[in-house]
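One point on numbering: in the UniProt record's numbering, the residue at position 132 of the sequence shown is 132, and numbering is uninterrupted.
Down below is the structure, laid out as structure tokens.
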Amino acid sequence: MSAISHWLERYNTRRGELPGAGVPWLDALREQAIIRFADEGWPTSRLENWRHTSLALLEERTFAPAAAAAEPAAVLRRLRDADANAGGRGHWLVFVDGRHAPALSGIGPLPAGAEIRALSEVLAAHPERVEGHFGAAGDGASPAALNAALATDGAVIRLARGVALEAPVHLVFIGGVREGASLLRNLVIAEANAEATIVEHYVGAAQDGAEDAAPGEADGRLTNAVTRIAAEQDARITHLKLQEEDRHTVHLAAIDAVQARGSSFASHSLSFGAQLARNDIATRFDGEGCEVLLNGLFHVDGRRHVDHHTRIDHARPRGTSREFYRGVLDGAGRGVFAGRILVAPGAVRTDAMQRADNLLLSPQAEADARPELEIYADDVKCAHGATVGQIDEDSLFYLRTRGLDEAHARNLLTYAFAAEALARIGLAPLRQRAQAAIRARLPGGEPMEDLR
């Protein structure tokens, strides 16, 4: 049986068990989505948007239905302890192998007008509340269509007009079963003047000790996640995604935002794990005066592969976008960045800037950067740029003259390169958590523990 047939069979045998099964609009959407996936299959490098990251390896692999992870409580405890040590607090919604884990979750008190629930709960009780936000079968690439057809759960965060959450919302997705698959769909709906910070943690139950595997060589997990964000007028949403999955995981994710007039959206994408990770991040300005920050950092080593594809659609005037991605590449790792900024006709006084910088730590590492500007309006200010380089030898020499050995000096310069991306994360506990994550990936990173 081919992998595509496997997914079709899974859909046919399990569609009656999916959350919201029997809801007419959702049943119809799922049917359209699985037909699309059957027609298109997994993306291959023959497609321009997937030229550097083919998923053809998935054509030979099947994945088991989600079950229970081995030690999800221990993984969650580690995350919460790290957050508490950094002075953090928040609302925690936990999923294990793609399914809501109420016993591990702790939402706590919420202000009136705020709702944080599992998608499965909302679809069971009030499916009409998410009908306009769930998405369509034609959205995104074919992995997003498979997600629409087979998503087993996810989070729904709804904020009424003017509601602001003081503490961040932590969505924790723990994957543990080898050859398992988690398909997740998260919906964030922020009405006018609402405000929230949302953190998505993707972690494996066995992050350490696994050997590197070339794409396609080993069994492993699949994570397929879609997050849809609707920011209404003057809403402010900060979204941080921290991906630290096991080295045998294929991680596919899409973040799709739509912004109304005067809204602000900040996305921080930190990708430190997985065998192959692909992140598609897009936002569209549907009103004047919107602002967006897309900030990313990734680290790859061994033979791992990370790809960020972004799109900012300046569809209305007076929009401002800032985009910064940084990659640290070691071993035979490969990083890809492709960012597109589109300025539509009439989108005057657009102010857009985009940068992608990569630091190669070994001769075998490879980076591909492709920033793009597409401008159809006058009276705009747009710029972009990309760099690929190695550690500066003059800086290395300077540190060694100050008594540091070469390994320590290299780590310090590498950390300084990464820290510039992390400095854009406003909330201190989250920034410290991210700093600790990148330090943990640098050989001998412990001596830098006091650096902020």
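Note that CB positions come from ideal geometry on N, CA and C, so glycine has one too.
For clarity, every value in this text was computed on a predicted model and none was experimentally measured.
Here the C-alpha atom of A377 lies approximately 6 Å from the C-alpha atom of A344. For the 8 Å CB-CB criterion, A144 and A56 do not form a contact. The continuous beta strand (DSSP E) containing F265 extends over residues S264 to S271.
Taken through DSSP and simplified to helix, strand or coil, F337 comes out as strand.
The Cβ-Cβ distance between V156 and V122 falls below 8 Å.
Under the 10 Å beta carbon count, D301 is surrounded by 16 or more other beta carbons and is classified as buried. Between the alpha carbons of W7 and T223 lies a gap of roughly 14 Å. For the 8 Å CB-CB criterion, A434 and L242 form a contact. Put simply, the backbone Cα of L252 is about 6 Å away from that of A225. Check the Cα spacing between G154 and each of G176, A409, P109 and A101: the tightest is with A101. Residue pairing of E366 in beta bridges, as defined by DSSP: R334. Unbroken beta strand (DSSP E) stretches of 3 residues or longer found wholly inside the stretch 387-437: none. At a Cβ-Cβ threshold of 8 Å, F63 and E179 count as neighbours.
The residue from A73, L110, R51 and E232 with its alpha-carbon nearest to that of H133 is E232.
A straight-line Cα-Cα distance of about 7 Å links T44 and R51. Contact holds between the stretch 350-364 and the stretch 322-334, because three or more Cβ pairs, one in each stretch, are under 8 Å apart. In its chain, beyond the 5 residues on either side, no residue has a beta carbon closer than 6 Å to the beta carbon of A84. The criterion of a C-beta distance shorter than 8 Å is not satisfied by P19 and L104. Rounded to whole angstroms, E288 and R161 show a C-alpha spacing of 19 Å. If you ignore the 5 residues before and after G140, its C-beta comes within less than 6 Å of the C-beta of A254, all in its own chain and listed in chain order. Its Cα nearest to that of R80, the residue P429 stands out among P443, P429, I438 and L442. In this structure, L329 lies near L359, with their beta-carbon atoms less than 8 Å apart.
In terms of Cα proximity to T320, the closest of R261, E48 and R334 is R261. The three-state secondary structure of T227, taken from DSSP, is strand. As for any alpha helix (DSSP H) of minimum length 4 sitting wholly inside the stretch 112-149, the runs are 119-125, ordered along the chain.
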